[in-house]
Structures are given as C-alpha cells and as structure tokens.
Amino acid sequence: MACPSRCVQKRTVTLTVASSGSGTQSLSRRKPSSSASSGSTRIVYRESRSPSESDFPIWQQNWFIALLFLMALGFFALALFLFLTLDSDIAPSSTASASAASSEGVEVQITYGTVLKLMHEKTKFRLHSHDVPYGSGSGQQSVTGFPNVDDSNSYWIVRPQLETAAKQGDSIKSGTIIRLQHMRTRKWLHSHLHASPISGNLEVSCFGGESESDTGDYWRLLIEGSGKTWKQDQRVRFQHVDTGGYLHSHDKKYSRIAGGQQEVCGVREKRADNVWLAAEGVYLPVTESK
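Here the sequence shown is numbered in the numbering used here, starting from 139 and rising by one per residue.
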C-alpha cells in the first residue's frame, strides 16, 4: 500500500542477542516468528528516513516555476489593462458610454464642457486642427477635415461666449452663441475675411488661447429641424457671428503639408456641405437647476 503524502515510512529491525555465553550476536532484518526461542533477548528499534521529493505535492516540487508563471501572468494582465484603459487625451470608457447610450435610443445632450468631435455630414471627415500654420492668408493655425476617426487632434471643447452666466453642464439651445476650443492646442475656432487656401472662401483658423479670445471666435449654433436643444443625433450648422459665414467643408483636399486632409472654410450661403453632427466624445450630464 502506497504511503500517503508527507508520511514517514517506518520499518522494524529486530536485533537478536543470544542468551548463551558464546558471545555470538546476530543481526536479523526478518520479522521474528512466534516460534522464536524464549531464551533470546530481543532489542527492537525503529528506523525512519526522510521523505523524498516524490512524497511532496507537485506544486511544492516546482514552486519556483509556479512563481515565475504567476509573475508573467501578472505582467501580462497589467499590460492589457494599460492598453485598454489609457489614452493620451480622453477616457475611452466615457466615449464608449456615450456611443452605447446613443445606440440604445437614449438622448445624449451636448452641454458646456463637453469634449467632442464634429463630423462633416456629407464627407464623414472630422473637424481637425494641429500646430501647423497656413502658408498664406492670416498665417494662423490651420483647420482641416481629417479622415481618420481615432485622431486626438480632432477633439473640441464646447465653451460659452465671454461674459455670460452659462456654466459647465448647462444645455445649449438653438440660436445660442458658443465657442469651440481645440483641446490639444487650447486655441479657438476662428474665422475672418482672409481667403481660404484652396477655394478662396472665408478662411477658418485656430487663434488665441486660454486668456485670449474675441468675437472672431463666436459661432451661432443652428439646429436643423424642430429640435430646440442640441443633442448628439441632431444635424446642426455653425454660423460665424462676425462674417456671417457657415462652417463648411468639401471634397477638395490638400496635397502637401496636410496631404489627404480636406479644406474647411466659411461660406455665406446655406448649403448641404455645411451640416455637421456631434460624433465621438465625452458628454457631460446636464446640470439640474435647483
């Protein structure tokens, strides 16, 4: 019968010493029979031996390998966590939540403080800017339409106009004047009478900073249809207050510095090409009035 784990195997050794005076002693490893001479003296002792490796569970025999495996598993889990959760600009989980809410039919309102991407309805390009100046016109930071969805330079923060009581979390009604701040460079979506590089329409640029803003950064939100409050699924236009031009884009693309990106400009007429939709972003909940 096999010895259980960690048990100490024992065996009996019988030492028989003759009672006669001959002085002869014999050491036997056989169990004494019942018929052994009654005149002999038995010295019985027990001998134990240390358990071998095979007597221990396999996890104790290979504890070092098991430790290395657990460490490798931990590093893999940490790397996966960082890959899925970290982003240089926004939390993806918030974006996913907004998209999920929209797909489930829940109305997602755009409020002040919301960080979003604006998608040009006709071409599906996102309103985009980067720290590259125009080579003509104002020479200010350029604004383009960008084809890729996952670019961090296409995020804008919705802000109220200067000297207003509006605060973060307030809903935005049609006809309200707002500002759009480029999240990466902190400059404002701007327009003026300079000619745009490709079409010669009104140039749209990024200008100013946190403490530098003027009426050239003012855009009036106009909701298409019967909606009164800006929501994620609504078609909207942005009309520049100073020039009257509508934020516009088309399929004419740059070929050099911003190769593959399309021109964004302002036009003074309502067209099918100046309709936008709120796309990916972090949508702040509406602040309930007390």
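For every residue, glycine included, the Cβ atom is placed at its ideal position computed from N, Cα and C.
The three-state reading of DSSP puts GLY404 in strand, counting E and B together. A check of alpha carbon separations from TRP326 across GLN247, SER274, THR261, ASP352 identifies ASP352 as the nearest. For the 8 Å CB-CB criterion, TRP368 and ILE315 do not form a contact. Assigned with DSSP and collapsed to three states, PHE345 falls in strand. Within the same chain, Cβ atoms closer than 6 Å to the Cβ of VAL342 are found at VAL281, SER329, VAL402, CYS403, GLY404, the five residues on either side in sequence being excluded. Fewer than three Cβ pairs drawn from the segment 330-339 and the segment 292-312 lie within less than 8 Å of each other, which leaves the two stretches out of contact. Assignment of ILE203 by DSSP, reduced to helix, strand and coil, places it in the helix class. If one requires a minimum length of 4 residues, no alpha helix (DSSP H) run lies completely within the segment 329-376. Contact annotation, ASP411 with LYS260: C-beta distance approximately 6 Å; criterion of less than 8 Å satisfied. Minimum Cα-Cα distance from TYR272 among the listed residues PHE284, CYS344, ARG324 corresponds to CYS344. Shown here for ARG297: same chain residues with a beta carbon closer than 6 Å to its own, the five before and five after excluded, namely ARG317, GLN319 in chain order. The beta carbon of TRP414 sits closer than 8 Å to the beta carbons of LEU256, MET257, HIS258, GLU259, LEU265, ARG373, VAL374, ARG375, PHE376, LEU385 from its chain, once the five residues preceding and following it are set aside; these are given in chain order.
Straight-line measurement puts the Cα of GLY275 at about 17 Å from the Cα of ASP380. Of the residues assessed, PHE213 falls on the exposed side of the cut-off, its CB having fewer than 16 other CB atoms within 10 angstroms. Exclusion of the five residues before and after GLN400 leaves THR261, PHE263, THR282, GLY283, SER387, HIS388, ASP389, LYS390, LYS391 as the residues of its chain whose Cβ lies within less than 7 Å of its Cβ. When the Cα atoms are used, GLY383 and GLU407 turn out to be separated by approximately 7 Å. Where LEU318 is concerned, the enclosing beta strand (DSSP E) starts and stops at 315-320.
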